[in-house]
Amino acid sequence: MNEITLEDLHGYLDEALSESETARIERALRNSLSLRQVLRGVMLERDRGEHTVGAIWRRHRLSCPTREQLGSYLLKVLDEGLQDYIRFHLDTIGCSYCQANLTDLQSRQREPAAATQARRKKLFQSSAGLLRSR
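See below:
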């Protein structure tokens, strides 16, 4: 089993780890008083407002692709390097934020065409009414 790092604990507190990583850390926390003490220290550090490059990176999700990039990833229209990075980010890193975004985009992709057309028509009608009033 891999050693749990401070970065792992920060990811755990941010709920930014995959389900398997979260479960691994929770098991370790249940079995290790010293790890629970380290986690308490990390939490106190955060409460004091201490900032690290890693914390800022995680908080602002600087390594996460945009929703538009995730949509392009689904359509397979990105250059090979970016396509590979997003696959790595989703599959290896297991970013829960991006996985949730991807799942939402996939569900919208499967949405029936009639529902999409009805939504577009409704949006157009509301916009047309607004434009006429000006």
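Heads up, the numbering used here is the position in the sequence shown plus 25, with the first residue counted as 1.
We put the beta carbon where it would ideally sit given N, CA and C, even for glycine.
Opening and closing residue of the alpha helix (DSSP H) in which I50 lies: The residue labelled residue 50 in the question sits at position 25 within the sequence shown. DSSP places I50 in the uninterrupted alpha helix (DSSP H) bounded by 44-56.
Neighbourhood of L130 by C-beta distance below 7 Å, restricted to the same chain and skipping five residues each side: As a working mapping, residue 130 is identified with position 105 in the sequence shown. Correct list, in chain order: L95, G96, L99.
Separation of Q134 from E32, as counted between CA atoms: Looking up residue 32 in the sequence shown gives position 7. Looking up residue 134 in the sequence shown gives position 109. Distance between the alpha carbons of E32 and Q134: 35 Å.
Alpha-carbon to alpha-carbon, D109 and C120: Position 95 of the sequence shown holds residue 120. Position 84 of the sequence shown holds residue 109. Using only the alpha carbons, I get a separation of about 15 Å.
Beta-carbon contacts of R61 that lie in its chain and below 7 Å, excluding the five residues immediately before and after: What you label residue 61 is simply residue 36 of the sequence shown in a count that begins at 1. Excluding residues within five positions, the ones whose Cβ falls inside 7 Å are L54.
R92 versus A138 - alpha carbon distance: Numbered from 1 along the sequence shown, position 67 holds the residue referred to as residue 92. Numbered from 1 along the sequence shown, position 113 holds the residue referred to as residue 138. One C-alpha to the other measures close to 21 Å.
CB of R83 within 9 Å of CB of H35, strictly: Counting from one through the sequence shown, the residue named residue 83 turns up at place 58. Counting from one through the sequence shown, the residue named residue 35 turns up at place 10. Yes; because the gap between Cβ atoms is below 9 Å, this pair is in contact.
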